[in-house]
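Numbering (our numbering), first residue to last: 36 to 264. Each residue gets a CB set at the ideal place from its N, CA and C atoms; glycine is no exception. Comments concern the structure below.
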């Protein structure tokens, strides 16, 4: 499955595309690979028809083509990969197997080009890449999570997640990682940080109530800021 989303803040427009394919030999190919969608085992190459990501452990190239929209991005990681949790094993709840392997490239210099209906724009900025994989779903008493991946102006990065329980409490296995400007990492247990919702939005269609703004505090690191969608 591949998902692509684009926000136009100035014109208040948003669109997304999704593709779901199984590898079917002979229907399409990417550089010698004959399946419609799949992943190489000898290098980083994941594709879904003519959407693809390829590269190595520090450099990535992304390509998207869809109904008048084209995206080409070239990414170079400024920092080494970050392992979350304990040596890359991130515990999400009580019990054996309630975990995932999780690492990130938290600051990637990104350059590229976006084309919409024939109009080309150069793009430049910083990207965060997450790779998480595991086999288990939420526990019966867990209903979801709030997840933050934040790049700060002082060249540090912060990942936090809060696993939400049915009774409204936060699972004690929630945690995070602080990445210094030089790439050193520090594991954060739930007791090390505070996250509070300061603003919500209620959908007029579903009446669902969504958090839209949070206050994040890490007392031991003298960090305090507001995060907003």
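Which of the three DSSP states, helix, strand or coil, is assigned to residue i?
i	result
residue 157	strand
residue 129	coil
residue 116	coil
residue 87	strand
residue 227	helix
residue 218	coil
residue 207	coil
residue 255	helix
residue 139	strand
residue 42	strand
residue 246	strand
residue 170	coil
residue 264	coil
residue 181	strand
residue 56	coil
residue 188	coil
residue 238	coil
residue 74	strand
residue 94	strand
residue 6	Nothing about residue 6 can be reported from this structure: the residues present for the chain run from 36 to 264 only.
residue 165	strand
residue 123	coil
residue 48	strand
Beta carbon of residue i, beta carbon of residue j: below 8 Å?
i	j	result
residue 84	residue 54	yes
residue 205	residue 213	no
residue 210	residue 222	yes
residue 199	residue 181	yes
residue 138	residue 116	yes
residue 114	residue 141	yes
residue 227	residue 201	no
residue 56	residue 72	yes
residue 259	residue 247	no
residue 29	residue 183	What is shown of the chain runs 36 to 264, which leaves residue 29 out entirely.
Within 10 angstroms of the Cβ of residue i, are there 16 or more other Cβ atoms? Answer buried if so, exposed if not.
i	result
residue 125	buried
residue 102	exposed
residue 119	buried
residue 253	buried
residue 64	Because residue 64 carries a pLDDT of 45, less than 50, the predicted location of this residue cannot be relied on, and the following value inherits that uncertainty. With fewer than 16 other Cβ atoms within 10 Å, it is exposed.
residue 82	buried
residue 86	buried
residue 156	exposed
residue 95	buried
residue 143	buried
residue 191	buried
residue 127	buried
Mind reading off the beta-carbon distance from residue i to residue j? Whole number of angstroms is fine, and I expect it under 8 Å.
i	j	result
residue 195	residue 230	6 Å
residue 250	residue 261	6 Å
residue 171	residue 123	That belief does not hold up - the Cβ atoms of residue 171 and residue 123 are roughly 16 Å apart, past 8 Å.
residue 135	residue 169	3 Å
residue 91	residue 79	6 Å
residue 38	residue 49	So it is not a contact: roughly 13 Å between Cβ atoms.
residue 239	residue 225	Actually they are not in contact, since the Cβ atoms of residue 239 and residue 225 sit about 34 Å apart, beyond 8 Å.
### Validate contact between the region 208 to 220 and the region 156 to 176 using beta carbons, cut 8 Å, 3 pairs
Judged by Cβ distances under 8 Å, the region 208 to 220 makes no contact with the region 156 to 176, as fewer than three pairs qualify.
### Query
Between the region 145 to 153 and the region 92 to 111, do at least 3 Cβ pairs fall closer than 8 Å?
Because the criterion of three Cβ pairs below 8 Å is met, the region 145 to 153 and the region 92 to 111 touch.
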